[in-house]
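Worksheet: one structure, shown below.
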């Protein structure tokens, strides 16, 4: 499982221009959901472009444990023979989700309204993350949860034998919480309603409709009101997974800060609930062209042409945070190579991701010679200008794949090399990162 092996020190050295085509892996969020919804449909769902990172592989294993037949047919090509809504069987052992917060939280929701017991665990990082944000609303359906103090894994869930539909307002912008409640609502009678004051990524809603669920989204003064009619017969689908905008952000940001770079990134999702980092980069002066916009697998996508750019710091609108929450670490690296201050507010959710990402980026950037300010909800980076980050540090990744990749991107443009203490977590979401970046011209070496 991710993060369980020996630490793998990796160093990034100042690169020449990054040139070429960067084919990033399939979207992680959609890959998780394709496996889960496929397992809850009756019949065979076929998936192409599935991300084969460890997080998604852990979800595939979990679906097998709950009784679905999950088969790999080739690179990115998978099939799921589902068991239907309410058809999960009780797992015979503890389910280990490695580093995957998305996998464990969504599957807690998927089994919460079926009369069974399941025990969940994960790696050291996942065991620190709060699960109460999911188990609290699941309790409204009648689900019981027994975990470590503070709602941490390992945790046992006892599914509701006689679930009731719920109406729930999410207390924080979280697609994981929203999706867990909707998944639980699938096996509850009547209508389950989720209200989110700030819109979050909408892959679950899109995919539920695609699989045949009756789901309506209304924009009201309260926010998005999502109404799901329970106990549908989900129909198997053919799912084409678009390329992950969060993974694409790493080669994109590297090209923006490495002088002379010019790369092409095909087929990247441009879902409006996921593209905040690209809007922000363009506002900072990034030379990004969005070519051939189209729809694939029910999701808007485009090809990106990205060239080195001299950028200026901005104040990122806090209401944009839900659409780019996973990209703030690498945005902080871009900000360090921009001119002036970049202010990122409304990002306290970063404190409870795979690591405390505000603290991890602040400490790492400081070690690399960049001035930062922070509070509970804010990170401010004082840019040093293009290619002026001193570097020369070894940065702690805290078992966090995005922290690891962000500091490797930083090292590609810094004066002195930047090392990370452990590159192994990168496999959770972007197993081809090293090969893709070196193929573009980056210099990455292992200790």
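Residue numbers (full-length UniProt numbering): 1 to 447. Note that CB positions come from ideal geometry on N, CA and C, so glycine has one too.
Check, Outcome
"Burial state of residue 27, where buried means 16 or more other Cβ atoms lie within 10 Å", "buried"
"Residue-level contact to chain C via CB, residue 33, 9 Å cutoff", "In the displayed structure, chain C is absent; only one protein chain is listed."
"For residue 92, the three-state DSSP class (helix, strand or coil)", "coil"
"Sufficient close CB pairs (3 or more, under 8 Å) joining the segment 286-302 to the segment 351-368", "no"
"Validate contact between the segment 253-268 and the segment 233-240 using beta carbons, cut 8 Å, 3 pairs", "no"
"Length at least 3, wholly inside the segment 62-89: the beta strand (DSSP E) runs in chain order", "69-74, 77-83"
"Closest by C-alpha distance to residue 202, when choosing among 186, 175, 181", "175"
"Simplified DSSP assignment, three categories, for residue 353", "coil"
"Stretch-stretch touch, CB-based, cutoff 8 Å, three pairs: the segment 34-47 with the segment 419-431", "no"
"Coil, strand or helix - residue 118 by DSSP", "strand"
"Residue from 30, 359, 395, 432 whose Cα sits closest to the Cα of residue 250", "432"
"Residues near residue 111 in its chain [Cβ-Cβ closer than 7 Å; skip 5 each side]", "66, 88, 118, 157, 159"
"Cβ-Cβ distance between residue 185 and residue 228 below 9 Å", "yes"
"Helix, strand or coil at residue 314 according to DSSP, with G and I counted as helix", "coil"
"Per DSSP, the bridge partner or partners of residue 144", "158"
"Short Cβ contact (9 Å threshold) for residue 268 with residue 242", "yes"
"Residue 264, DSSP secondary structure in three states", "strand"
"Local Cβ density within 10 Å of residue 146, reported as buried at 16 or more and exposed below that", "exposed"
"Continuous beta strand (DSSP E) stretch holding residue 274: start and end", "Neither: residue 274 is in no beta strand (DSSP E) and is coded neither H nor E."
"C-alpha gap between residue 29 and residue 102, whole angstroms", "8 Å"
"7 Å Cβ shell around residue 142 - same chain, five flanking residues per side excluded", "160, 162, 163, 164"
"Presumed contact (8 Å Cβ cut-off) between residue 94 and residue 39, rounded CB distance", "Their Cβ separation, rounded to whole angstroms, is 19 Å, which puts residue 94 and residue 39 out of contact at 8 Å."
"Terminal residues of the beta strand (DSSP E) in which residue 240 lies", "238-240"
"Beta-carbon contacts of residue 179 that lie in its chain and below 7 Å, excluding the five residues immediately before and after", "106, 109, 204"
"Three-state secondary structure assigned by DSSP to residue 185", "helix"
"Per-residue DSSP class, three states only, for residue 208", "helix"
"Anticipated Cβ contact below 8 Å, residue 98 with residue 123, distance rounded", "5 Å"
"Close beta carbons around residue 414, own chain, < 6 Å, minus the five adjacent residues each side", "389, 391"
"Beta-carbon spacing of residue 12, residue 421 below 9 Å", "no"
"Buried versus exposed, by CB contacts within 10 Å (16 or more), residue 383", "buried"
"Sequence-distant residues of the same chain with beta carbon closer than 6 Å to residue 181, five excluded per side", "137, 168, 194"
"Beta bridge counterpart(s) of residue 307 as assigned by DSSP", "262, 287"
"Cβ shell of residue 307 (< 6 Å), same chain only, five flanking positions each side left out", "262, 287"
"Contacting residues, own chain, Cβ-Cβ under 6 Å from residue 321 (five flanking each side not counted)", "346, 347"
"Bridge partners - residue 382, DSSP secondary structure assignment", "341, 371"
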